[in-house]
Amino acid sequence: MIRKEAMRLILAKINSEPIVSANGFISRDLFELKDKPSNFYMIGSMGLASSIGLGVALKNPKKKNFVFDGDGNILMNLGSLITIGITKPKNLVHIIFDNSSHESTGGQPTATNKIQLSKIAKSANYKVFQVKTKNQLVKILQKIKLISGPIMVIVKIKKGGVISKRINIEPTKIKNRFMDSLKK
Amino acid sequence: MKELTQKQIFDYLFNNGIENFIGVPDSTLKHFISYGLEKKKIIITTREEEAIGIASGMTMSDSNSLVFMQNAGFANSISTITSLVELYKIPLIFLIGWRGYLKNDAPEHLKIGKIQPDLLKIIGLPSKTLSQKNWKNSCVWALKKIQKNQPCALIVKREFYD
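Line order of the protein sequences matches chains A and B.
Read left to right, the first sequence gives residues 1 to 184 (my numbering).
Read left to right, the second sequence gives residues 1001 to 1162 (my numbering).
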């Protein structure tokens, strides 16, 4: 499974719920597959999607909030797992598209095939699920509907695939329409 | 800055719409932070950039936020401030303790302390330095800034040794 295939399956379960997406190919895939006002494309500030998502989740308790993160991104900001672990947002679903590489910068390796991110997240009070196939992913997406968070779903994906187009919306417009969507 | 003044600053900002106080502790700001902790209004993060991310998420949810840190952490955060806070125009108030203001502060603070005013200028983050006398005016200034969707910084000088 490549990232875009996995993302398509996840997006089939998301309507107007907020998504904060990590910089690089993850945001680009999301933009191409399902652009909507409740997507916050984080085009800079590498590593911080989960922190922004935490802030949104804590202030929007009635909404289910998604973070679309990458392995390179979360490894840069492991401290975020600690703060999510102590604030325990029930409404946060943290998806990690894990290809054990920094694909957006040329495919350099990350350490997620040598260390177990799932164990780190578990010890930080997450409920953690790890999937490798489309069938497993669909089952887990169904299962997490009934579980309160913080939830992490690690989706093991292959490197490669078609590169999606760049996001062509002005950052302030991304913000403004995201903010308006949260009021609904 | 005196303990009483730091508490007054906290109360003033809280009573004027700042709902979230997030950051990494700093001894220059310790009375402000301790007071906020007593009131259960503070989230302490592992690094400053993380605090900026959380505060950005909260502010975009219509809940005004302040991020506190030492100037060493501010230096860590420059890329985040430029590529998140300034790029998207997220109106946060930064409260920054200024180590290295005194020329004989600890050696690790001297270099970054010396360029602190220049760092703020270079990244275009407007700031005011708080004093015992002017703190209220500076807080009013900061609150007006965020109403206009502009991030800004309030600086507290480290004027003591320990």
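Note that beta-carbon positions come from the ideal geometry of N, C-alpha and C, so glycine has one too.
These numbers were taken from a predicted model, which means no experiment stands behind them.
- Measuring C-alpha to C-alpha distances from residue 1110/B to each of 1100/B, 1142/B and 1150/B identifies 1100/B as the nearest.
- Taking CB atoms only, residue 1092/B has no neighbour in chain A less than 8 angstroms away.
- Scanning 1047/B, 1011/B, 1103/B and 1152/B for the CA closest to the CA of residue 1123/B turns up 1152/B.
- Contacts with chain B at 8 angstroms (Cβ-Cβ) do not include residue 88/A.
- Secondary structure note for residue 1058/B: it is in no beta strand (DSSP E), and the uninterrupted alpha helix (DSSP H) holding it is 1048–1060.
- Within a 10 Å sphere around the beta-carbon of residue 89/A sit 16 or more other beta-carbons, which makes this residue buried.
- The C-alpha of residue 1077/B lies about 13 angstroms from the C-alpha of residue 1092/B.
- Ranking 41/A, 139/A and 140/A by CA distance to the CA of residue 178/A puts 41/A first.
- DSSP, reduced to helix, strand and coil, places residue 1102/B outside both helices and strands of the structure shown, so it counts as coil.
- Residue nearest to residue 1080/B within the set 54/A, 43/A, 38/A and 93/A is 43/A (criterion: CA-CA distance).
- Look at residue 110/A here: in three-state DSSP terms it is coil, with no helix or strand label.
- The residues 128, in chain order, have a CB closer than 7 angstroms to that of residue 122/A in the same chain once the five nearest residues on each side in sequence are set aside.
- Interface with chain A (8 angstroms Cβ-Cβ cutoff): residue 1043/B is included.
- For residue 70/A, the enclosing beta strand (DSSP E) starts and ends at 65–70.
- Taking 9 angstroms as the upper bound on Cβ-Cβ separation, chain A lies near no residue of the segment 1100–1118 of chain B.
- Residues of chain B whose Cβ lies closer than 9 angstroms to the Cβ of residue 152/A do not exist; the shortest such Cβ separation is about 17 angstroms.
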